[in-house]
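Here's the structure, in structure tokens; my notes come after.
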Amino acid sequence: MSKDLEGKGAVITGSSRGIGAATAQLIAERGAGVVVNYRAKAPRARKVVKGIEEAGGKAVAVQADLTEAAGAQALVDAAVENFGSLDLLILNASGGMEADRGEDYALRLNRDAQVTMVKTAIEVMPAGSQIVFVTSHQAHFIKEVTTLDAYEPVARSKRAGEDALRELVPTLDEKGIKLTIVSGDMIEGTITATLLDRAEPGAIESRREAAGKLYTVEEFAAEIAQLVNKPGLEQEHTELVGGAQDFLSRQ
């Protein structure tokens, strides 16, 4: 395993489980110190940190609600204090299908919080740093391709977040920071897929048939990780992972 991220500090939002946790493990294996972010489930985040440390990596669990102003600053500070710098920000946290978080929660989390996180992070990120925004085909293509009714508000809020981050590119260019977009199909075993299948039974199976295959959490995390520190990536490089032909043909 290459230690190409040795000496780097990374923040991965929403990394106490699922795609974020799997990505954190892969990034730590390459030498980065990783801030594992969680909103409410501390034991789960500590388990991720323990797994990284047992494999010889460096990580720290940090509680932060990204929809609150102090949340972004807490994550940035943790990277600098624990690992000396913040060189990689992976924006994995998203949501909006939760019933108990308020009507505007999807937009607050998937757009506003992403922008706040980036604006806070770039105050300390050095030239050569990278920001990776993780999204879904259902969100990335929402302006051209309809999605499940239950997911549409979330998809539109995530696309709004992607658009808002792209608008920050001139500022990122000035600072020498690259933005990378990774869009994946519905991922087997994620909370979103489970909630969607509950809201619209058969949703996962029909998507699996249309795409030919759905990625697992681990497979998608590997696709995200292989774009980190990848030579030759252009600003705003957009990686479409799995099943995209189905979406592109319907545009």
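Those letters in the sequence shown? Residues -7 to 243, per the working numbering, in order. Note that the Cβ used here is the ideal one computed from N, Cα and C, for glycine as well.
Requested in this report: In the DSSP assignment, find the alpha helix (DSSP H) that holds Lys167 and state where it starts and stops.
Outcome: In the DSSP assignment, Lys167 falls within the alpha helix (DSSP H) that extends over Val161 to Lys167.
Query - In DSSP terms, what Val40 is bridged to - result: Beta-bridge pairing links Val40 to no other residue.
Report task. May I have the straight-line CA-CA distance separating Thr15 from Leu81, to the nearest angstrom? Result -> 12 angstroms
**Report entry** Of the listed residues Ala56, Ile11, Leu67 and Ala61, nearest to Val40 (C-alpha basis)
**Finding:** Ile11
**Report entry** Whole-angstrom distance between Leu160 and Asp177, CA atom to CA atom
**Finding:** 25 angstroms
Requested in this report: Could you check if Lys256 is buried or exposed, using at least 16 other CB atoms within 10 Å of its CB as the buried criterion?
Outcome: Given that the chain is displayed from residue -7 to residue 243, the structure contains no residue 256 and the question cannot be resolved.
Query raised in the report: At a cut of 8 angstroms, does the stretch 16 to 25 reach the stretch 134 to 141 through at least three beta carbon pairs?
Result: no
Report task. Specify whether the stretch 97 to 115 and the stretch 55 to 66 touch according to this definition: at least 3 beta carbon pairs, one from each stretch, less than 8 angstroms apart. Result -> yes
Query - Whole-angstrom distance between Arg158 and Thr230, CA atom to CA atom - result: 11 angstroms
Query raised in the report: Since Leu80 is in the beta strand (DSSP E), which residue starts that stretch and which ends it?
Result: Leu80 to Leu83
**Report entry** Between the CA atoms of Arg9 and Glu211 - distance to the nearest angstrom
**Finding:** Looking at the two C-alpha atoms, the distance is approximately 14 angstroms.
Query raised in the report: Which ranges does the alpha helix (DSSP H) cover as unbroken runs of at least 4 residues, wholly within the stretch 161 to 228, from first to last along the chain?
Result: Segments of the alpha helix (DSSP H) lying fully in the stretch 161 to 228: 161 to 167, 183 to 191, 195 to 203 and 209 to 217.
Report task. For Ala236, collect the residues of the same chain with a Cβ closer than 7 angstroms to its Cβ; drop the 5 residues on either side in sequence, then sort them by chain order. Result -> His129
Query raised in the report: Leaving out the 5 sequence neighbours to the left and right, which residues in its chain are closer than 6 angstroms to Ser121 when beta-carbon positions are compared?
Result: Asp79 and Ile169
Query - Whole-angstrom distance between Ser77 and Val116, CA atom to CA atom - result: 8 angstroms
Query raised in the report: To which residues does DSSP link Phe125 through a beta bridge?
Result: Leu83 and Ile173
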